[in-house]
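Written out below as structure tokens is the structure these notes cover.
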Amino acid sequence: MQKYLCPSCGGEIVFQSNISASCVCSYCSSLIVRQDMNLESLGKAAELPQDISPLQIGTTGIYRGVNFGIIGRLRVGWEEGAWNEWFLYTDKGEKAWLAEAQGDLAVIFEQEINEQALQAFAKAPLLGVGVTIANEFYMVCDIKSSAVITAEGEFPRAISVGRKSKNIDLIGRDNKFAGLEYEDDKLVGIFTGEYVEFDSLKFKNLRDLDGWKIPRIAAKQENKTEKKTPW
Amino acid sequence: MVAAPGSVKTFSCPNCSGTIEIRAVGISITAICGSCGSIIDTGNTNLQIIGQVKAKARNLNLPIGSRGVLFNHEWEVIGFTENCDASEHYYWGEYLLFNPWQGFRFLVESDEHWSFIKTIRDVEPRLYNTEYFLGTQEFEYQGENYRIFLRDTATVTYALGEFYWRVKIGERNNVADFIAPPYILSRQQYDEFSEVIWSHGVYIEPEEISDAFNLKKSLSSPYSIAPNQPSPTKPYAKNISYIFAGLFVLLFLLQSYLQSNAVNQVVFQQKIQMNAGNKDQIFTSEPFELKGGKSNVELSIYSEVYNHWLETDISLVKQDDLQTFENIQSTEYYTGVDSDGSWSEGNKGSSNIISAVPDGTYRLLISTNSDYPSGQSTDFTVNATRGVVMWSNFWLALVLIIILPLFVWLRSYMFESNRWKNSDFSPDIYKSSQSDA
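Chains as they are written, first to last, in this note's numbering: chain C, 1 to 231; chain Y, 232 to 668.
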């Protein structure tokens, strides 16, 4: 954990993770970039719109035995809606994200973009095309343009609100997910991960939701339904 | 002021100023005004009207905003669409359910049948490829074999509530359903260049829906068979086949045991001459012993009858108390030549089993009748054998234990035939009965 002062308002800024490169000041919403010991302000983040997500900065969980905590949130919009990308601080120091879109969750890890990947994905693959990423077979299932609407918390790279990117979602075996991100037709991100069930992540410190019972209580009330769904 | 997380967000309809509620705040991008039917883009703050639902607001079985617990989670009904198939004869409803932690589910209501459905992402990746998919008749998912049931289109005809996608009245999707009752897998795609959505569902009884949502008026019972409705025989089909197999083995073992322990002791054998015309002639045999406990006795006769019949009336009589076991047997044998060639019919021998004959000294009293002309005579042989294997019991028992599985199989067959009647992809074994229907 490292502490700084906001170059814009002088408020205390805490970086939870040393892989974080930028953050949003929790006092004045300034977008801050960390370059070695210097902080630079890049304008302001817009207010987060109201949403019903039970996740928040400070929520912790366990993914495949690894503890994580939510330290940042990007609100990403596209032509037909918006979703949340939660940046995770993990015990292992990976660049991990929790994508929350249309009520579905996916745990995603940023992959290194090497020469090979740059060549293989120089051109964005088209819908329905099969590709191999990190020895795993994927099929392109969705392509859309998106832009960061606003943000809170801290991030592994400088975030720029409003910058457009092309997102290619790929689906693999058994809920595996991969994503390719292009900016101006240039590959800027490779992500692999998997779709997960909410209950599997053993969340703690979730946000309370008005008018909704905590799921564990609801689950206890109704155990008479014996029929099983496979999910 | 920031509203409490989870609370319902309300705004005024830009068309009629009626109140519109948003429950999945931040996720829903379309909402339909319950008063005027305007379809509003709620993805941003501009609240643009992007369409219009022409039909009047309907009374839904599960009204928007109602909640129910299904599969251990509480669900709120936030949207409803009605769809029709390509023929525009078949309509069904789709309720959109929301839970802030679990996300979205669907309840599909079709001909009073209900299925609980979830979007999935763990079918084989190549099934996302349209070309490959169109050549697929069946595939495995989570250990179950799914078979194609229909390929059709679904057109949205009505909508109410809010949605996480852009609802357009009249939008037509390509759909395909694969079934492994009670499960159903559906593929949905707008056109070959758009996103493919796979979803998995499980059949739910109407009573379970009524219970889950505390409905005051119970839902009507279905009159047809749904594609993924489980067969009523399915719960016990497996048990019955185990029971049948078990009983069959038992019966087989029992018969083997009886056969290996059969005494098969010939206690009497004699050739007797029958004189036709002497009607009152009764043959009385020498006494013979039956020993070794109560047992069955097989009486058999054999006669070289030729174009005649012979009937014997045999009584097995116990000497000390004159207990009598009656037995009538006949043999006949005819042969001849006609335009089709030579023919023959009848049997020269006959046998019958008397069960539970106690130990003792017995005689046989035999009287005969025949169509031999008076004065002629013929021979016949009488055999008495103690402790023979009775196959008739075995066959009877076999028939009895086959009846139940046969009944269950027939019922299941009828059910499956009716199910597949509604499909263009019926398996061959259900086709013959369909053409009859």
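Glycine included, every Cβ here is placed at the ideal spot set by N, Cα and C.
Considering Cα atoms alone, identify which of C:V148, C:G179, C:S165 is closest to I159 of chain C. Closest by C-alpha distance to I159 of chain C, out of C:V148, C:G179, C:S165, is C:V148.
Give me the chain C residues within the contact set of N376 of chain Y, using Cβ-Cβ distance strictly less than 8 Å, ordered along the chain. Those within 8 Å of N376 of chain Y in chain C number zero; the least Cβ separation is about 14 Å.
N410 of chain Y to E576 of chain Y span [Cα, whole Å]: Checking the sequence, you will find Ile at residue 410 of chain Y rather than Asn. Going from the Cα of I410 of chain Y to the Cα of E576 of chain Y covers about 56 Å.
Rounding to the nearest angstrom, what Cα-Cα distance links E40 of chain C and Y27 of chain C in this structure? Just so you know, the alpha carbons of E40 of chain C and Y27 of chain C end up roughly 16 Å apart.
Strictly under 8 Å for the Cβ-Cβ distance: is I108 of chain C near chain Y by that measure? Chain Y has no Cβ within less than 8 Å of the Cβ of I108 of chain C.
Going by the beta-carbon positions, is the gap between V161 of chain C and A21 of chain C smaller than 8 Å? For the 8 Å CB-CB criterion, V161 of chain C and A21 of chain C do not form a contact.
Span of the beta strand (DSSP E) around N538 of chain Y: No beta strand (DSSP E) contains N538 of chain Y, which DSSP labels as neither H nor E.
Let me know the secondary structure DSSP gives E439 of chain Y once reduced to three states. When DSSP states are grouped into helix, strand and coil, E439 of chain Y belongs to the helix group.
Given this structure, state the Cα-to-Cα distance separating N445 of chain Y from E439 of chain Y, to the nearest angstrom. Their backbone Cα atoms lie some 10 Å apart in a straight line.
Return yes when the Cβ of W83 of chain C is within less than 8 Å of the Cβ of A101 of chain C, no when it is not. Judged by their CB atoms, A101 of chain C and W83 of chain C are nearer to each other than the 8 Å cut-off.
What separation, rounded to the nearest whole angstrom, lies between the Cα atoms of T562 of chain Y and A507 of chain Y? Distance between the alpha carbons of T562 of chain Y and A507 of chain Y: 15 Å.
What span of residues does the alpha helix (DSSP H) with M645 of chain Y cover, start to end? Element bounds for M645 of chain Y: 622-652.
Mind pulling the beta strand (DSSP E) runs of 3 or more residues that sit fully within the segment 415-485 of chain Y? If one requires a minimum length of 3 residues, the beta strand (DSSP E) runs lying completely within the segment 415-485 of chain Y are 427-435, in chain order.
Rounded to whole angstroms, what is the Cα-Cα separation between S248 of chain Y and C25 of chain C? In a straight line, the C-alpha of S248 of chain Y is about 39 Å away from that of C25 of chain C.
Just to confirm, is the Cβ distance from Q50 of chain C to K240 of chain Y under 8 Å? Closer than 8 Å, so yes.
Tell me the start and end of each unbroken beta strand (DSSP E) in the segment 242-268 of chain Y that is at least 3 residues and wholly inside, in chain order. If you keep only unbroken beta strand (DSSP E) runs of at least 3 residues inside the segment 242-268 of chain Y, you get 250-253, 261-263.
Could you tell me the alpha carbon to alpha carbon distance between V480 of chain Y and I471 of chain Y, rounded to whole angstroms? Computed Cα separation, rounded: 14 Å.
Excluding the 5 residues preceding and the 5 following P518 of chain Y in the sequence, name in chain order all residues of the same chain whose CB lies nearer than 8 Å to its CB. Correct list, in chain order: Q550, T592, Y593, R594.
With a 10 Å radius around its C-beta and 16 neighbouring C-beta atoms as the bar for buried, classify M1 of chain C as buried or exposed. With fewer than 16 other beta carbons inside 10 angstroms of its own, M1 of chain C counts as exposed.
Helix, strand or coil at A587 of chain Y [DSSP, three-state]: DSSP places A587 of chain Y in the strand class (E or B) of the three-state scheme.
Within its chain, find whatever has a CB closer than 6 Å to the CB of R157 of chain C; leave out the 5 residues flanking it on each side and keep chain order. If you ignore the 5 residues before and after R157 of chain C, its C-beta comes within less than 6 Å of the C-beta of A21, all in its own chain and listed in chain order.
Check whether the Cβ atoms of D316 of chain Y and P453 of chain Y lie closer than 8 Å to each other. In this structure, P453 of chain Y does not lie closer than 8 Å to D316 of chain Y by Cβ.
Please list the partners that R219 of chain Y has in chain C, where partner means a Cβ-to-Cβ separation under 8 Å. Summary: the structure shown does not reach residue 219 of chain Y, with chain Y confined to residues 232 through 668, and so no result is reported for it.
Please list, in chain order, the chain C residues whose beta carbon lies closer than 9 Å to that of Q333 of chain Y. Result: G103, E197, F198, D199, P215.
Between C6 of chain C and I32 of chain C, how many whole angstroms is the CB-CB distance? I'm expecting something under 8 Å. The Cβ separation is near 7 Å, so the contact holds.
Which whole-angstrom value describes the C-beta separation of Q111 of chain C and A134 of chain C, a residue pair presumed to lie in contact below a C-beta threshold of 8 Å? With a contact defined as Cβ atoms closer than 8 Å, Q111 of chain C and A134 of chain C qualify at about 7 Å.
Beta-carbon neighbours of V387 of chain Y, restricted to chain C and to distances below 8 Å: Against chain C, a Cβ distance below 8 Å from V387 of chain Y picks out nothing, because the smallest value is about 16 Å.
Should E85 of chain C be listed as close to the ligand SAH, given that the test is whether its C-beta is under 7 Å from any heavy atom? Summarising the ligand content, the structure contains no ligands, and the ligand SAH is consequently not present.
Assuming V536 of chain Y and R617 of chain Y form a contact by the criterion Cβ under 8 Å, report the distance between their Cβ atoms to the nearest whole angstrom. In this structure V536 of chain Y does not touch R617 of chain Y by the C-beta definition: roughly 27 Å separates them, more than the 8 Å allowed.
With 8 Å as the threshold, decide whether the Cβ of G179 of chain C is near any Cβ in chain Y. No, because no Cβ of chain Y sits closer than 8 Å to the Cβ of G179 of chain C.
For chain Y, is any of its Cβ atoms less than 8 Å away from the one on I171 of chain C? Taking CB atoms only, I171 of chain C has a neighbour in chain Y less than 8 Å away.
Is the Cβ of W97 of chain C closer than 8 Å to any Cβ of chain Y? At a cut-off of 8 Å between beta-carbon atoms, W97 of chain C makes no contact with chain Y.
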